[in-house]
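Written out below as structure tokens is the structure these notes cover.
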Amino acid sequence: MPYVTLDWLGEHTKIAEGTDAAQLAADLVKVGIEEEEIHASQVQGPLVVGKVLTQEPKEQKNGKVINYCRVDVGVHNDAPGEGKEPSDLPSRGIICGAHNFGPGDLVAVVLPGAVLPGPFPISSRKTYGHISDGMICSERELGLSNEHNGILVLTERYSPEQIPEPGESLMDLFGFGEEILEVNVTPDRGYCFSMRGLAREYSHSTGQPFDDPGIAPVPEADGKGFSVKISDQNPIRGNIGCDRFVTRVVRGVDPQAKTPEWMVHRLEVAGMRSLSLPVDVTNYVMMDLGQPMHAYDLSKVDEALHVRRAKAGESLTTLDEVKRELDPEDLLICDGAQGNRVLAIAGVMGGADTEVEEGTTDVLLEAAHFDAVSIARSSRRHKLPTEAAKRFERGVDPQLQAVAAQRAVDLLVEYGHGEADSHITDLNNVPEPTPIAMDQSYPSRLTGVDYGVGRITELLEMIGAQVDQDGDQLRVTAPSWRPDLTGPADLVEEIARLDGYDKIESIVPHAPAGTGLSFSQSVRRDVQNGLAASGLTQVLSYPFVGDAFDRQRLEEQDSRRDAVKLANPLAADHPYLRTSILDSLLPVAELNVARGTESLAIFEVGKVYFAKGTVPAPLPRADKRPDERTIAALHKGVPSQPQHVGIILAGQAGPTGVLGSVRNFDWADGIELARSICRIAGVQMEVEALAELPEPFHPGRVARLSVEGKEIGRAGELHPQVVAEYHLPARAVACELDLSAVLQKASQEPKQVKAVSTFPPSKEDIALVVDESLPAEDVAQLIRTLLGDVCEEVRLFDIYRGANIGEGKKSLAFSMKMRAADRTLTAEETASLRKRIVKKAGKKFGAELRS
Numbered sequence: 004m005p006y007v008t009l010d011w012l013g014e015h016t017k018i019a020e021g022t023d024a025a026q027l028a029a030d031l032v033k034v035g036i037e038e039e040e041i042h043a044s045q046v047q048g049p050l051v052v053g054k055v056l057t058q059e060p061k062e063q064k065n066g067k068v069i070n071y072c073r074v075d076v077g078v079h080n081d082a083p084g085e086g087k088e089p090s091d092l093p094s095r096g097i098i099c100g101a102h103n104f105g106p107g108d109l110v111a112v113v114l115p116g117a118v119l120p121g122p123f124p125i126s127s128r129k130t131y132g133h134i135s136d137g138m139i140c141s142e143r144e145l146g147l148s149n150e151h152n153g154i155l156v157l158t159e160r161y162s163p164e165q166i167p168e169p170g171e172s173l174m175d176l177f178g179f180g181e182e183i184l185e186v187n188v189t190p191d192r193g194y195c196f197s198m199r200g201l202a203r204e205y206s207h208s209t210g211q212p213f214d215d216p217g218i219a220p221v222p223e224a225d226g227k228g229f230s231v232k233i234s235d236q237n238p239i240r241g242n243i244g245c246d247r248f249v250t251r252v253v254r255g256v257d258p259q260a261k262t263p264e265w266m267v268h269r270l271e272v273a274g275m276r277s278l279s280l281p282v283d284v285t286n287y288v289m290m291d292l293g294q295p296m297h298a299y300d301l302s303k304v305d306e307a308l309h310v311r312r313a314k315a316g317e318s319l320t321t322l323d324e325v326k327r328e329l330d331p332e333d334l335l336i337c338d339g340a341q342g343n344r345v346l347a348i349a350g351v352m353g354g355a356d357t358e359v360e361e362g363t364t365d366v367l368l369e370a371a372h373f374d375a376v377s378i379a380r381s382s383r384r385h386k387l388p389t390e391a392a393k394r395f396e397r398g399v400d401p402q403l404q405a406v407a408a409q410r411a412v413d414l415l416v417e418y419g420h421g422e423a424d425s426h427i428t429d430l431n432n433v434p435e436p437t438p439i440a441m442d443q444s445y446p447s448r449l450t451g452v453d454y455g456v457g458r459i460t461e462l463l464e465m466i467g468a469q470v471d472q473d474g475d476q477l478r479v480t481a482p483s484w485r486p487d488l489t490g491p492a493d494l495v496e497e498i499a500r501l502d503g504y505d506k507i508e509s510i511v512p513h514a515p516a517g518t519g520l521s522f523s524q525s526v527r528r529d530v531q532n533g534l535a536a537s538g539l540t541q542v543l544s545y546p547f548v549g550d551a552f553d554r555q556r557l558e559e560q561d562s563r564r565d566a567v568k569l570a571n572p573l574a575a576d577h578p579y580l581r582t583s584i585l586d587s588l589l590p591v592a593e594l595n596v597a598r599g600t601e602s603l604a605i606f607e608v609g610k611v612y613f614a615k616g617t618v619p620a621p622l623p624r625a626d627k628r629p630d631e632r633t634i635a636a637l638h639k640g641v642p643s644q645p646q647h648v649g650i651i652l653a654g655q656a657g658p659t660g661v662l663g664s665v666r667n668f669d670w671a672d673g674i675e676l677a678r679s680i681c682r683i684a685g686v687q688m689e690v691e692a693l694a695e696l697p698e699p700f701h702p703g704r705v706a707r708l709s710v711e712g713k714e715i716g717r718a719g720e721l722h723p724q725v726v727a728e729y730h731l732p733a734r735a736v737a738c739e740l741d742l743s744a745v746l747q748k749a750s751q752e753p754k755q756v757k758a759v760s761t762f763p764p765s766k767e768d769i770a771l772v773v774d775e776s777l778p779a780e781d782v783a784q785l786i787r788t789l790l791g792d793v794c795e796e797v798r799l800f801d802i803y804r805g806a807n808i809g810e811g812k813k814s815l816a817f818s819m820k821m822r823a824a825d826r827t828l829t830a831e832e833t834a835s836l837r838k839r840i841v842k843k844a845g846k847k848f849g850a851e852l853r854s
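Residue numbers (our numbering): 4 to 854.
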């Protein structure tokens with residue numbers, strides 16, 4: 004995030020008197036720029052100029068030679084004959100191990116009580132047989148640079164008039180006295196990644212005058228400078244990768260020329276380290292104006308520069324000494340007659356072959372405008388979030404390149420003593436901005452604040468926009484540094500921001516009259532409430548899956564493997580959309596069991612996704628509405644997304660009671676929950692037990708669920724290998740219903756509520772021995788039919804197999820609950836119904852009453 008100091012900001016705008024970092028943060032937040040942190044100086048306490056009076060070498064037992072120095076620190080001196088180690092000279096005694104200085108030199112001294120970066124507190128201490136009453140510092144110890152080959156001799160870095168008198172503070176000279184404000188800039192405000200942009204926003208907030216450095220006069224380009232060719236055969240989303248490219252040449256730069264101290268300090272404030280004058284100049288211009296630049300060693304570059312996309316098999320060793328394989332989408336800077344040699348990944352990082360080195364004297368400067376999407380993709384592809392890429396991907400002012408190049412040239416001439424070539428190349432293909440049409444009443448309608456035309460015009464012109472009125476319409480041309488302003492709503496946001504969000508009244512909106520929930524929404528909510536009331540816990544999971552199809556042992560030809568693959572998955576190992584709720588519900592069950600849950604009953608209601616087999620439509624442009632044909636193609640390619648209900652039951656069906664009796668979930672529980680879902684939807688579900696159904700279910704312990712002959716789902720035990728794969732309790736149960744298919748069969752007509760009988764129910768149990776192949780549901784359905792109007796519930800509660808009932812047979816035990824609406828059923832009536840059931844079951848299924 005950008006760092007701001009009042010000193011640097013004040014070069015482009017007038018800072019109000021009494022402003023500190025906290026006040027600056029308060030001023031900027033008014034215009035939407037939030038404070039991230041205020042950084043205090045890392046160096047605190049007395050840091051003063053010291054004049055070395057004497058230097059006495061002291062050889063130690065280990066052969067090391069240290070210096071005992073008497074240093075004049077002005078008002079901080081000990082008087083002659085006084086102090087911790089008295090001396091005839093008004094001074095302080097300090098031990099120093101460096102040898103690059105001598106008597107008469109001016110040095111930086113920190114006194115006891117000071118704190119250096121680390122933090123490293125300074126105190127008086129006895130060492131090497133003397134009391135060191137302070138510390139003579141190197142540049143690295145002060146945090147000025149990484150230089151540690153000796154202490155900092157002030158006269159080697161500063162002119163005599165810059166250096167204070169002995170004993171006076173060095174805090175201002177080193178820039179340690181100022182606080183640094185770190186701000187958080189939203190992605191649409193890329194221009195605020197520069198001191199120019201932040202100064203503009205400070206001016207908007209406070210009304211202080213703003214001196215725009217981006218409109219400085221520049222010499223006219225003659226096209227005879229270092230030549231540039233742009234060829235983009237693979238534009239991304241139809242946008243050419245580079246629409247402006249400026250080159251400037253500065254010759255005879257002194258390779259020994261040092262970056263001025265003020266620039267080094269500002270770069271350090273911005274989080275960058277000083278490298279060399281040409282590189283520092285380009286970095287400083289980027290931080291100041293917002294235009295990323297690149298400096299090449301001219302002697303290593305062959306004319307001309309070519310801007311093009313990468314070819315198959317090309318690579319580049321970048322400045323960080325990493326060889327990078329290039330992608331055909333990468334925009335490159337190349338050189339030579341044919342542009343065959345790659346010099347840089349445009350807008351991201353330069354190559355090692357043409358970097359500016361210690362002996363560089365002739366410098367080629369590049370200032371260009373690249374497509375934001377192209378740079379963003381290259382930056383992410385190569386994992387290079389450089390300062391240049393951060394700015395290009397947010398949008399750079401396309402009218403800034405010539406000004407930035409001229410600023411860099413001026414600095415190299417001034418501090419590097421170079422000479423600028425008179426010829427300038429400025430290849431400018433920036434399109435004219437398209438005005439935005441906006442009804443003058445639109446801002447008021449959108450915000451509720453009564454803005455007059457005059458106020459609207461004033462606020463938009465404040466941000467640099469051109470406003471023309473045509474009747475009730477305003478035609479607004481956004482400033483070049485605001486590529487994020489593309490529609491009327493963007494302009495209204497600017498109007499509200501600059502006028503003050505606090506002027507928008509907080510009004511609770513009135514909910515429009517509506518019809519409430521739709522039928523499908525109402526049923527979906529009732530299903531969720533019903534399952535929760537049955538003791539299940541609802542799960543909300545992401546629909547993204549990875550190896551779920553393999554873990555569930557789905558066959559290669561299984562249609563559920565034809566999943567929609569995401570172009571930009573949140574996680575590389577989850578690139579598909581689920582085709583079954585169980586795809587994401589099973590890992591949830593696995594995670595809960597792994598964390599100690601011994602029994603669980605969970606469900607999820609959500610969408611599954613099925614590809615339609617159509618060719619995906621091309622991505623529409625974001626800057627204009629797609630035509631009807633494109634919209635139709637997009638709709639055609641959207642996957643079908645039915646609502647499904649998934650259930651997993653594992654372990655015990657309830658807590659262990661005082662008598663210790665408990666049962667485990669079985670597949671009948673899954674079927675009964677599916678039946679309750681259909682009951683809520685108002686449809687009758689049929690159950691068909693099958694020996695073979697696709698994974699992940701157990702053969703012979705799974706049922707097909709259908710409504711009016713149409714399959715709506717499956718329920719049963721999970722296959723033992725699937726149970727083991729997900730580390731679930733043995734004989735775990737799963738159920739999945741296509742809720743959308745259920746709703747298609749449901750009637751939306753009002754339901755006739757059956758009166759609740761005031762008479763007591765009669766309960767009977769019956770056990771019938773039938774063939775092993777007979778589905779229990781067939782018997783249950785017969786019982787319901789025979790009981791007729793008095794049937795309240797028929798429930799299968801036991802299945803028994805054993806030698807005493809014969810091979811190939813099973814016993815099905817049903818609980819019957821009967822109740823008449825107008826009377827209490829007699830024992831004779833219930834006995835008659837029971838006999839009728841046994842007789843009909845015997846005729847239809849060959850069933851016998853179990854003795």
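Yeah, the Cβ is synthetic: ideal placement off N, Cα and C, and Gly gets one too. Predicted model, so just to flag it, every value in this text is computed and none were measured.
Residue nearest to residue i in terms of C-alpha spacing, selected from the options
| i | options | result |
| --- | --- | --- |
| L652 | P642, G640, Q646 and N667 | N667 |
| V288 | L588, A823, A391 and A850 | A391 |
| L721 | G712, A733, I715 and L790 | A733 |
| E739 | I605, V253 and K812 | I605 |
| R247 | G255, R240, D235 and W265 | D235 |
| R717 | Q555, V705, Q724 and E150 | V705 |
| F177 | F123, W265, S135 and N286 | W265 |
| E39 | D136, T189, V52 and G107 | T189 |
| A315 | A499, I802 and N343 | N343 |
| A536 | L676, R397, L573 and S425 | L676 |
Residue(s) in a DSSP beta bridge with residue i
| i | result |
| --- | --- |
| E775 | E775 is not bridged to any residue. |
| L387 | Per DSSP, none; premise fails for L387. |
| F123 | L119 |
| R707 | E691 and R717 |
| Y803 | S814 |
| Y445 | In DSSP, Y445 forms no bridge with anything. |
| N242 | I239 |
Interface flag, residue i vs chain B, CB-CB below 8 Å
| i | result |
| --- | --- |
| I680 | The structure shown has no chain B; it contains just one protein chain. |
Through-space distance from residue j to residue i, alpha-carbon basis
| i | j | result |
| --- | --- | --- |
| K326 | P281 | 24 Å |
| S230 | A371 | 13 Å |
| S854 | G685 | 38 Å |
| P642 | A614 | 5 Å |
| Y161 | I218 | 33 Å |
| S587 | A514 | 36 Å |
| K61 | F104 | 15 Å |
| V456 | E422 | 51 Å |
| H647 | P401 | 51 Å |
Distance CB(residue i)-CB(residue j) smaller than 8 Å
| i | j | result |
| --- | --- | --- |
| E691 | S679 | no |
| T833 | M821 | yes |
| R563 | Y612 | no |
| S447 | D365 | no |
| Y205 | L31 | yes |
| L368 | A349 | no |
| E698 | L585 | no |
Own chain partners of residue i with C-beta closer than 6 Å, once the 5 adjacent residues on each side are dropped
| i | result |
| --- | --- |
| A24 | I41, E182 and L184 |
| D214 | H15 |
Close-in-space but distant-in-sequence residues of the same chain around residue i (CB under 8 Å, 5 per side omitted)
| i | result |
| --- | --- |
| N80 | P93, S94, R95 and G170 |
| Q476 | A440, M441, D442 and Q443 |
Proximal residues to residue i (C-beta, below 7 Å), its chain only, five neighbours per side dropped
| i | result |
| --- | --- |
| R837 | E767 and I769 |
| T495 | The sequence as given places Val at residue 495; Thr does not occur at that position. Contacts found: Y445, P446, L449 and T450. |
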